[in-house]
Structure formats: structure tokens, C-alpha cells
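Novice:
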Amino acid sequence: EQLQGIKQHSAREKMIVRHMDHLGRIFTEYTIVHRLAKAARFTIEGAQHFKKSDQPVLIISAHTAHWELVHEVMHQHGIPAAVIYDPIEYSLRLKVAMQARRKMCPEENGYKYIPASKSAGREVVQWLKGGGNLVIFCDEEVDSTIWAPAFGRDIPYSGNLAKAVKLATKYNMKIVPMHIK
832 EQLQGIKQHS AREKMIVRHM DHLGRIFTEY TIVHRLAKAA RFTIEGAQHF KKSDQPVLII
892 SAHTAHWELV HEVMHQHGIP AAVIYDPIEY SLRLKVAMQA RRKMCPEENG YKYIPASKSA
952 GREVVQWLKG GGNLVIFCDE EVDSTIWAPA FGRDIPYSGN LAKAVKLATK YNMKIVPMHI
1012 K
């Protein structure tokens, strides 16, 4: 209602149903995302930014389109990386998501999955000290508010975007923004 100025209850309800349908499709696609990736139903633009880097990369992205294809991009370009993920409360959805991620980027091939938690920072620092690459999704939710895009608000200094910049600076990482469309 605030973002789009919707006043009618029925219009708002239609938008909610459309959004839930979209979420259902995304979680259904988890089970076949590896096949979508292998079928080359997407193109990668800007891959030269990965190939030119002689330093670790910090990939920043957002949960747009099918964000899980970020894993396939990393795999296709031989970029083993750690990914911080939200251990969502729905255990079946988390299980399906993690199976899809591990199918595209197996941990035995150098990929690491770090659940967001109080101890995640220590795990990330250990990974980065070893020269590892990192993926951070910067459109985080904190206290029921999505902080990116900012929509004119000041972004908190404790958010993922600020943390990405601090980590990249401290560990001499090249920031590579990635957008799945």
C-alpha cells in the first residue's frame, strides 16, 4: 500500500496472491534449477570481471529473478566461494534449497555454505583469511523491513551492504555486483 499507493482492498489482495504464486514458482524451481542452468537458458554478461581478477572477489547480489543461478555462474567460471544464507524456519524449503545449491556447487569442489548466525562472522573471517571468495545478498530483511533497495532511506551501517564494503576493504577483495535477470 505504501510503495504503490493501493487503496482498494481487492487490488491489494490480488497483488498478494500474485506474489505468493511467484514464491511458489521459485520454490518449485529449486528442484530443477540445476537443469535450467545446464540447459543454458540464461546468458552471462560481464564475465570478464571474474577473469581479470587476481584477487579474491566479493560478489554482491539481490534476491531477484532466480537468485540461485548465482551459484551456477560461480560454477561456470570456476569461482569457489562461501555463501552466507538465511536458515529459513521452514525446514523442508531449506532442505530443498540446500540440495539445489549443493548440486550446482558441491562443498567437495571448494564451495562453502555458512548459515547466518552469531558465529557466522568468525567463519567468514576464517574463509577470507585463506583467500576465499564470498557471496553476499545485500537485500536483507531486518525487523520486518527490507533494507535494499533503500527507497530514499539511510542504509544502516550494520547491514549487509556496509559489511560487504568493510570486508572487501579489509581483505583486499574486488567487489563484483551480480544481477540475475
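Per my numbering: the sequence shown = residues 832 to 1012. Note that CB positions come from ideal geometry on N, CA and C, so glycine has one too.
1. Can you name the residues that DSSP bridges to Lys838?
2. Assuming Val996 and Ala931 form a contact by the criterion Cβ under 8 Å, report the distance between their Cβ atoms to the nearest whole angstrom.
3. In chain order, what residues of the same chain have a beta carbon less than 8 Å from the beta carbon of His894, not counting five sequence neighbours either side?
4. Let's see if you can read the secondary structure: which residues bound the alpha helix (DSSP H) around Ser922?
5. Determine the DSSP secondary structure at Asn1003, reduced to helix, strand or coil.
6. Could you say which of His906, Leu867, Gln886, Ala999 lies nearest to Asn940 if we only look at CA atoms?
7. Helix, strand or coil for Ile847, going by three-state DSSP, please let me know.
8. Which class does Lys994 belong to by DSSP, given the choice of helix, strand or coil?
9. Spatial neighbours of Lys994 within its chain, please: C-beta separation below 8 Å, excluding the five flanking residues on both sides.
10. Does Glu899 pass the burial test, meaning 16 or more other C-beta atoms within 10 Å, or should it be called exposed?
11. Skipping 5 residues on each side, what residues in its chain have a beta carbon closer than 7 Å to that of Arg843?
12. Can you tell which of Tyr942, Arg856, Ser948 has the C-alpha that lies nearest to the C-alpha of Leu959?
13. CA-CA distance, Glu876 and Met846?
14. Can you tell me the Cα-Cα spacing of Val901 and Arg953, whole angstroms?
15. Under 8 Å by Cβ, that's how I've got Ala868 and Met935 pegged, so tell me the actual separation to the nearest angstrom.
16. From the DSSP output, which residues share a beta bridge with Leu889?
17. Cβ atoms of Pro1008 and Gln915: under 8 Å apart, would you say?
Specialist: Looking at the atomic coordinates:
1. Note: Lys838 sits in no beta bridge, so no partner.
2. With a beta-carbon spacing of about 29 Å, Val996 and Ala931 fall beyond the 8 Å limit used to define contacts.
3. The residues are Phe968, Asp970.
4. Going by DSSP, Ser922 is part of the alpha helix (DSSP H) stretching over 922-935.
5. Residue state, collapsed to three classes: coil.
6. Among His906, Leu867, Gln886, Ala999, the Cα nearest to that of Asn940 is on His906.
7. Under the three-state reduction of DSSP output, Ile847 falls in the helix class.
8. Residue state, collapsed to three classes: helix.
9. Non-local C-beta neighbours of Lys994 in its own chain, meaning closer than 8 Å and more than five positions away in sequence, comprise Ile967, ordered along the chain.
10. Around the beta carbon of Glu899, 16 or more other beta carbons lie within 10 angstroms, which makes this residue buried.
11. The beta carbon of Arg843 sits closer than 7 Å to the beta carbons of Glu832, Ile837 from its chain, once the five residues preceding and following it are set aside; these are given in chain order.
12. If we check each option's Cα against that of Leu959, Tyr942 comes out closest.
13. Glu876 and Met846: Cα-Cα distance of roughly 32 Å.
14. In this model, Val901 and Arg953 are separated by some 24 Å (Cα to Cα).
15. At roughly 6 Å, the Cβ-Cβ gap stays under 8 Å, so Ala868 and Met935 are in contact.
16. Its beta-bridge partners are Leu965, Ile1006.
17. Residue identity check: residue 915 is Ile in the sequence provided, not Gln. Contact flag unset, no.
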